[in-house]
Amino acid sequence: MKRIILASTLSALSFGVMSATLPTDLNWQTNWDEPQYGSPEAKRGGTYRTFMSSFPQTLRSVGPDANSGLRSFILDETPGLVVRHPDTLEFIPELANEWALAGDNKTVYFKLNPQAKWSDGKPVTADDFVFMLKFYRSKDILEPWYNDYYNKTVADVIKFDDHTFAVKAAKELNPEELLLRMGALRPRPAHFYANPKKDENGDGIHDDFVRYYNFKSEPTTSAYYLADVKKGKSVTFKHVGEDWWGYTNKYYENRYNVDKIRITVIRDSDIAMKHFEKGKLDAFGLVLPSLWHDKSNTAPYQKGYIEKFWGYNQYPVGAGGVWINTAMPLLDDLNIRKGITYATDFDGMIENVMRGDYSRKPNPTGFGHGKYT
Numbered sequence: 536m537k538r539i540i541l542a543s544t545l546s547a548l549s550f551g552v553m554s555a556t557l558p559t560d561l562n563w564q565t566n567w568d569e570p571q572y573g574s575p576e577a578k579r580g581g582t583y584r585t586f587m588s589s590f591p592q593t594l595r596s597v598g599p600d601a602n603s604g605l606r607s608f609i610l611d612e613t614p615g616l617v618v619r620h621p622d623t624l625e626f627i628p629e630l631a632n633e634w635a636l637a638g639d640n641k642t643v644y645f646k647l648n649p650q651a652k653w654s655d656g657k658p659v660t661a662d663d664f665v666f667m668l669k670f671y672r673s674k675d676i677l678e679p680w681y682n683d684y685y686n687k688t689v690a691d692v693i694k695f696d697d698h699t700f701a702v703k704a705a706k707e708l709n710p711e712e713l714l715l716r717m718g719a720l721r722p723r724p725a726h727f728y729a730n731p732k733k734d735e736n737g738d739g740i741h742d743d744f745v746r747y748y749n750f751k752s753e754p755t756t757s758a759y760y761l762a763d764v765k766k767g768k769s770v771t772f773k774h775v776g777e778d779w780w781g782y783t784n785k786y787y788e789n790r791y792n793v794d795k796i797r798i799t800v801i802r803d804s805d806i807a808m809k810h811f812e813k814g815k816l817d818a819f820g821l822v823l824p825s826l827w828h829d830k831s832n833t834a835p836y837q838k839g840y841i842e843k844f845w846g847y848n849q850y851p852v853g854a855g856g857v858w859i860n861t862a863m864p865l866l867d868d869l870n871i872r873k874g875i876t877y878a879t880d881f882d883g884m885i886e887n888v889m890r891g892d893y894s895r896k897p898n899p900t901g902f903g904h905g906k907y908t
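Heads up, the sequence shown is in the numbering used here, so the first residue is 536 and it goes up one at a time.
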């Protein structure tokens, strides 16, 4: 991992924040040494066709009804600041080309990729991260979880210039967890939400945010933006193009190769599977054992028209098991809880019900917790 010492800069901050001076003793880090994981053999073009079981009630990524099937496209799969490499688990650049830890176990400094742009062509700047904090803390978004998290986890975002800023955590964290959490932050487009028509509480967010932005799609930093909406029927995402800023990052090369992603509403999964078998969808998940073992052995599969693939594209997911309310009578007795544990035949369930497709893990925490997982 390379280290670079950079000089300090001084600039006036936007959003009414006082100017701040960038420390001169920071050890800036970057990492362009990990292997690429996009295939140069992947061909560009075409439309990827998939489905969702119901049409989303909103195009917002926060607020009521925002946790829809589109959320991963609109927010979850968009670039953060840094991310772990999927194979080596080393931190690599996303929106930020460089980062530095302050040494106080609270503060991380970031330098943005100067090529980063929103899908409407506007540059991604430190202002978008300053605005992000204000946005998630606003009561107008009607999102208590975000209000709580961004008040209790993120203490401040401090801008130094258009591409340099610091994020300060609300409490001390070990360096790995600090970079993992603060590096996962995603910007919100300050220019898109600027000058709200109604802002009686003066927090910079539209007082009727939920209704006003319900079917307004905000710009994205992703390779795909929402291009077409047919209410009740489908949504289509379109590739930004060959000049997408992400292709200046080696870890994005040879990825995001389809030109469009079309998601059609098919309310019944059995019907969706029939559409797939007829060639109207390009992929179909066979996660449930009954689908993999029983329902995917028909003629199209036997004749080789459809290939089944079993692969691992994420870390083992935890939080599976029996969760007990220890405040309830009898369940507050440790011996009772032990008895329930011994009486629950997890191995039998995995072997007989889940067809051996699942496995037991030594802990329930899943992934994303460093050496603990």
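Note that the Cβ used here is the ideal one computed from N, Cα and C, for glycine as well.
- No Cβ-Cβ contact shorter than 7 angstroms links Ala807 with Phe664.
- Taken in chain order, the complete beta strand (DSSP E) segments of 3 or more residues contained in the region 609–677 are 617–619, 626–628, 631–636 and 642–647.
- Remark: C-beta atoms of Asn566 and Glu633 do not approach each other more closely than 7 angstroms.
- Counting along the chain, no beta strand (DSSP E) covers His828; the unbroken alpha helix (DSSP H) around it starts and ends at Pro824 to His828.
- Ser654 counts as buried, since no fewer than 16 other beta carbons sit within 10 angstroms of its beta carbon.
- Selection Thr799, Tyr893, Val618 and Ser589 evaluated against Tyr847 yields Tyr893 as nearest (Cα-Cα).
- Within the region 744–805, the alpha helix (DSSP H) runs of at least 4 residues that lie entirely inside it are, in chain order, 744–747.
- Per DSSP, the beta bridge partners of Arg584 are Arg797.
- Contact between Trp780 and Ala651 is confirmed by a C-beta separation of about 5 angstroms, below the 8 angstroms threshold.
- Between the C-alpha atoms of Glu576 and Lys694 there is a straight-line separation of about 41 angstroms.
- Setting aside the 5 residues that flank it on each side, Asp867 is surrounded in the same chain by Thr861, each with a C-beta closer than 6 angstroms to its C-beta; the list follows chain order.
- At the C-beta level, Asp662 and Phe744 stay beyond 7 angstroms of one another.
- If you draw a 10 Å sphere on the C-beta of Asn784, you find 16 or more other C-beta atoms in it, and that means buried.
- Within the same chain, and ignoring the five residues on either side of Asn686 in sequence, the residues whose Cβ sits closer than 7 angstroms to its Cβ are Arg672.
- Under DSSP, Phe700 takes part in a beta bridge, and its partners are Phe645 and Lys694.
- Ranked by Cα distance from Tyr748, the options Leu826, Leu594 and Ile871 are led by Leu594.
- The C-alpha of Asp805 lies about 43 angstroms from the C-alpha of His726.
- Counted as a single uninterrupted DSSP element, the stretch harbouring Trp680 is not any beta strand (DSSP E) but the alpha helix (DSSP H) occupying residues Pro679 to Lys687.
- Look at the beta carbons and you see the region 757–775 not touching the region 729–743: under three pairs across the two are nearer than 8 angstroms.
- Annotated as distal: Ser757 and Thr582, with beta-carbon spacing of 7 angstroms or more.
- Sequence-distant partners of Ser588 (beyond 5 residues in either direction) whose C-beta falls short of 6 angstroms from its own C-beta, in its chain, are Arg802.
- Around the beta carbon of Phe811, a 10 Å sphere encloses 16 or more other beta carbons of the protein chains shown; the residue is thus reported as buried.
- DSSP places Ala834 in the helix class (H, G or I) of the three-state scheme.
- Thr565 carries a strand assignment under DSSP once its states are collapsed to helix, strand and coil.
- In the displayed model, Thr861 falls within coil according to three-state DSSP, outside both helix and strand.
- Residue nearest to Pro570 within the set Thr623, Val793 and Ala834 is Thr623 (criterion: CA-CA distance).
- Residues Ile871 of the same chain have their beta carbon placed closer than 7 angstroms to that of Leu865, with the five preceding and five following residues left out of the count.
- Our two residues, Asn682 and Leu630, have alpha carbons roughly 24 angstroms apart in a direct line.
- Spatial neighbours of Pro722 in its own chain (CB-CB distance under 8 angstroms, excluding positions within 5 residues in sequence) are listed in chain order as Leu630, Val659, Asp663, Phe664, Phe666, Met667 and Thr756.
- Classified as exposed, Pro621 has fewer than 16 neighbouring CB atoms from the shown chains inside 10 Å of its CB.
- Taking a 10 Å sphere around the C-beta of Glu707, we find fewer than 16 other C-beta atoms and assign the residue as exposed.
- When Ala690, Glu777 and Pro824 are compared, the shortest CA-CA separation from Gly580 is found for Glu777.
- The residue from Asp742, Asp560 and Arg584 with its alpha-carbon nearest to that of Asp794 is Arg584.
- Under the three-state reduction of DSSP, Pro710 is assigned to helix.
- Remark: C-beta atoms of Phe590 and Gly855 do not approach each other more closely than 7 angstroms.
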